[in-house]
């Protein structure tokens with residue numbers, strides 16, 4: 002299960018680090034017969050594996066996925082399964098997939114004076130054009146400066162109307178005013194004025210936080226730009 006995250010207010014303002022993508026239900030293979038399941042997170046600074054703390058059942062109980070739902074880097078708990086690999090330590094990123102093999106990402110990185118390796122395997126397949134193997138090129142482009150992440154200097158409070166609009170659009174999908182309004186009203190049990198929602202969206206566009214698509218649709222620009230993994 003792939004989850005697309007954009008700006009986390011706490012994370013951005015405290016550490017200048019931003020979550021770019023998150024693949025849930027990833028297997029981390031660390032040796033023969035040794036593996037753990039969790040979520041793999043890509044930020045502008047590192048690749049982070051977070052050990053699972055949640056289980057979800059799909060397909061009428063036939064399939065299960067274990068993952069950690071990472072919405073804020075500052076809230077990640079301590080676990081012996083967690084791994085943090087700074088981008089500058091990565092010497093090789095290789096992605097592959099095949100007819101009989103799931104998409105995977107293999108990393109080689111320097112840890113002190115030794116070179117370490119890590120393999121991550123995607124377990125949820127289908128429904129998208131890009132997969133975990135496509136992270137390799139993005140990692141190389143981040144390291145090489147081909148992708149430059151622009152982080153807003155400030156974001157609205159999460160409990161404000163503008164903050165809730167950003168939350169509604171955090172899946173990076175285009176949405177119209179009435180769809181945004183309905184999502185916020187349903188989640189927070191509110192009765193909003195569509196004119197105020199439209200005005201708030203316009204304010205976010207003027208600040209460069211939202212993109213206007215056509216006359217009535219809005220979206221959050223992907224932090225990855227042309228290398229948006231969700232395309």
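Numbering (this note's numbering), first residue to last: 2 to 232. Glycine included, every Cβ here is placed at the ideal spot set by N, Cα and C. These numbers come from a predicted model, not from an experiment.
Just how far apart, CA to CA, sit residue 122 and residue 171? Reading the chain shown from its first residue, position 121 is the one you call residue 122. Reading the chain shown from its first residue, position 170 is the one you call residue 171. Residue 122 and residue 171 have their C-alpha atoms spaced approximately 25 Å apart.
As assigned by DSSP and simplified to three states, the class of residue 92: If you number the chain shown from 1, residue 92 lands on position 91. In this structure, residue 92 counts as strand in the three-state DSSP scheme.
Could you tell me the distance, in whole angstroms, from the CA atom of residue 252 to the CA atom of residue 133? The structure shown does not extend to residue 252, since the chain is modelled only from 2 through 232, so no value can be given for it.
Considering just the uninterrupted stretch of the beta strand (DSSP E) at residue 119, what are its terminal residues? Stepping through the chain shown from its first residue, residue 119 is reached at position 118. From DSSP, the beta strand (DSSP E) with residue 119 extends over 115-122.
Looking at the unbroken alpha helix (DSSP H) that takes in residue 200, where does it start and where does it end? For the purposes of this step, residue 200 is taken as the residue at position 199 of the chain shown. Counting along the chain, the alpha helix (DSSP H) containing residue 200 begins and ends at 195-207.
Hey, how far is the Cα of residue 162 from the Cα of residue 179? Residue numbering aside, residue 162 sits at position 161 when the chain shown is read from its first letter. Residue numbering aside, residue 179 sits at position 178 when the chain shown is read from its first letter. In a straight line, the C-alpha of residue 162 is about 14 Å away from that of residue 179.
Taking buried to mean at least 16 other C-beta atoms within 10 Å of its own C-beta, is residue 102 buried or exposed? Along the chain shown, read from residue 1 onward, the residue named residue 102 stands at position 101. Burial call: exposed.
Look at residue 191 and residue 157 and say whether their C-beta atoms are less than 9 Å apart. As a working mapping, residue 191 is identified with position 190 in the chain shown. As a working mapping, residue 157 is identified with position 156 in the chain shown. Result no, Cβ atoms of residue 191 and residue 157 do not sit closer than 9 Å.
Looking at residue 21 and the ligand MG, is the gap between the Cβ and the nearest heavy atom below 8 Å? The ligand MG is not part of the structure shown, which contains no ligands of any sort.
According to DSSP, is residue 129 helix, strand or coil? On the chain shown, residue 129 is found 128 positions in, with the first residue counted as 1. Reduced to three states, the DSSP call for residue 129 is coil.
Could you compute how far the alpha carbon of residue 22 sits from the alpha carbon of residue 196? On the chain shown, position 21 is the one that residue 22 refers to. On the chain shown, position 195 is the one that residue 196 refers to. Distance between the alpha carbons of residue 22 and residue 196 is about 32 Å.
Would DSSP call residue 180 helix, strand or coil? For the purposes of this step, residue 180 is taken as the residue at position 179 of the chain shown. Reduced to three states, the DSSP call for residue 180 is helix.
On the CB-based measure, 16 or more other CB atoms within 10 Å of its CB, does residue 55 come out buried or exposed? On the chain shown, residue 55 is found 54 positions in, with the first residue counted as 1. It counts as exposed.
By the 10 Å Cβ neighbour count, where 16 or more other Cβ atoms means buried, how is residue 65 classified, buried or exposed? Here residue 65 refers to the residue found at position 64 of the chain shown. Answer is exposed; the Cβ neighbour count stays below 16.
Kindly give me the distance between the Cβ atoms of residue 20 and residue 88, rounded to whole angstroms, as I take these residues to be in contact under 8 Å. Within the chain shown, the letter at position 19 stands for residue 20. Within the chain shown, the letter at position 87 stands for residue 88. Contact between residue 20 and residue 88 fails: their C-beta atoms lie close to 14 Å from each other, not under 8 Å.
Since residue 48 is in the beta strand (DSSP E), which residue starts that stretch and which ends it? Within the chain shown, the letter at position 47 stands for residue 48. Here the beta strand (DSSP E) through residue 48 covers 47-52.
Ranges of the beta strand (DSSP E) found wholly within the region 148-172, counting only runs of at least 3: Counting only runs of 3 or more, we get nothing.
Under the rule that 16 or more other beta-carbon atoms within 10 Å means buried, what is residue 187, buried or exposed? Taking the chain shown and counting its residues from 1, one reaches residue 187 at position 186. Answer is exposed; the Cβ neighbour count stays below 16.
Could you give the C-beta distance for residue 125 and residue 95, rounded to a whole number, given that I count them as a contact under 8 Å? Along the chain shown, read from residue 1 onward, the residue named residue 125 stands at position 124. Along the chain shown, read from residue 1 onward, the residue named residue 95 stands at position 94. About 21 Å; that fails the 8 Å criterion.
Check residue 188 in the structure and name its three-state DSSP category. For the purposes of this step, residue 188 is taken as the residue at position 187 of the chain shown. DSSP places residue 188 in helix when its eight states are reduced to three.
Going by alpha carbons, who is nearest to residue 81 out of 225, 39, 219? Numbered from its first residue, the chain shown carries residue 81 at position 80. Comparing Cα positions, the closest option is 39.
Alpha helix (DSSP H) segment containing residue 145, residue limits: Taking the chain shown and counting its residues from 1, one reaches residue 145 at position 144. Boundaries of the alpha helix (DSSP H) harbouring residue 145: 136-145, taken from the DSSP string.
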